[in-house]
Amino acid sequence: MKIMDMIREKARKKKCRIVLPEGEEDRTIQALKIILESQTAKPLLLGDADKIRQRAYELSVDIPSSVSIIDPKKSEKTSDMSSELFTMRKAKGMTYEQSKTAMQSVLYYGSMMVKRGEVDGMVGGAVHTTADVLRSAIHCVGTAPGISTVSSIFMMILPEGRVLTYGDCAVMPYPDPNQLADIAIASADSHLQLTGEEPIVALLSFSTKGSANHEAVDKVTQALGIAKKKRPDLKIDGEMQFDAAFVESIGQRKSPGSPVAGKANVYIFPNLDAGNICYKVTERIGKAQAVGPVIQGLAKPINDLSRGCSAQDIADVVAICCVKV
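In the numbering used here, the protein residues as written are 1 to 325.
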């Protein structure tokens, strides 16, 4: 079974309620049709109901009565949500007026629905930036216990069907050793959750096991120590060049005895430059399918989208969001 088919099957069994905050957007409306037909989630939309239904009619998409459409600007819950957000954020300097303005936003309203348990997760970002999505998520649901770093992964599905997990490729520009360790741990957990495979984690560098001396290498080795201390159960090693992590014969030469060298399925990049460039190279030259970004490190599932996403991409991330519930 292909990985996305497996994820969709898992999602069907969970029957999660997922809010799509950008309900007035064409791709979201088209994704709704895919989600309903595949039965991967119980979706609901945010936005102006009249605009959404009119546009759905124009796109030949039927929105059944079972799909709720909520307008944050008209919802009777908006006032209570504003008060709740103010209570949570006033110590950080948010005023009540700011909380009221924020809760008019579909992203904040959707994130607060997740916080309150009214839905199981949220998927947004077809129109809004990653920064906008993450800001509302962090302000409303916060980070997961034991994790202080919000990051992301991409699942890279290679042409032969093998799945690699890349982190972080979308969120943290220059993680410090503690943040890099958090990214490694969260990425390992995401890989297991989404693929069912044991994560084998390589912390990548331009050096393999001391072949170069540099502060950038030191950061990676420090992160390895922190990750091992936090999660001694993980199969993780570094610092390691990509070829040593990916090609078994090279891994045996460069890092003999390593449980990870040549076997890695989770690749942790030292910074966002490396991660973002590599996932796009893998996608374009390696002909891999990139699924993501999948946000990790939050207390509850809220996922971002690329603004260049298709309706199918949105439906796929909804299924992933369900699996991570």
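No residue lacks a Cβ here, since even glycine has one placed at the ideal position from N, Cα and C.
Partner residues in a beta bridge of S79, as assigned by DSSP, do not exist. T143 places its beta carbon 8 Å or farther from that of A245. Contact between I147 and A184 does not hold, since their C-beta atoms are separated by about 11 Å, which reaches or exceeds 8 Å. Around the CB of L158, fewer than 16 other CB atoms lie within 10 Å, so the residue is classed as exposed. V294 and K254 have their C-alpha atoms some 32 Å from each other. With fewer than 16 other CB atoms across the displayed protein chains lying within 10 angstroms of its CB, I277 is exposed. Separation of V260 and V163 (C-alpha to C-alpha, rounded to the nearest whole angstrom) is 16 Å.
If the five residues before and after A311 are omitted, its C-beta is found closer than 7 Å to the C-beta atoms of R27, Q30, A31 and I34, all from its own chain and listed in chain order. Taking C-alpha positions only, S249 is separated from C322 by approximately 38 Å.
The criterion of a C-beta distance shorter than 8 Å is not satisfied by R307 and G124.
Three or more pairs of CB atoms, one per stretch, sit closer than 8 Å, so the region 101-113 contacts the region 15-26.
8 Å or more divides the Cβ of A49 from the Cβ of I302. If only complete runs of 3 or more residues are kept, the region 96-138 shows the beta strand (DSSP E) at 121-124, in order along the chain. Check the Cα spacing between E97 and each of Q39, A223 and S79: the tightest is with S79. In chain order, I157, V291, D316 and A319 place their CB closer than 8 Å to the CB of M4, counting only its own chain and leaving out the 5 sequence neighbours on each side. Under DSSP, S152 shares a beta bridge with I295. The region 194-228 contains, as complete beta strand (DSSP E) runs of 3+ residues, the segments 200-204 (chain order).
Within its own chain, the residues whose Cβ lies closer than 6 Å to the Cβ of S207, once the five positions on either side in sequence are excluded, are V217 and E239, listed in chain order.
When rounded, the separation of the alpha-carbon atoms in S66 and E37 is 14 Å. Restricted to the region 231-300, the beta strand (DSSP E) segments that are unbroken, complete and at least 3 residues in length are 235-240, 266-268 and 289-296, listed in chain order. Between the beta-carbon of V171 and that of S151 there is about 5 Å, and that keeps the pair under the 8 Å contact cut.
Following the DSSP letters along the chain, one finds T28 inside the alpha helix (DSSP H) bounded by residues D26 to S38.
D189 and Y166 have their C-alpha atoms spaced approximately 12 Å apart.
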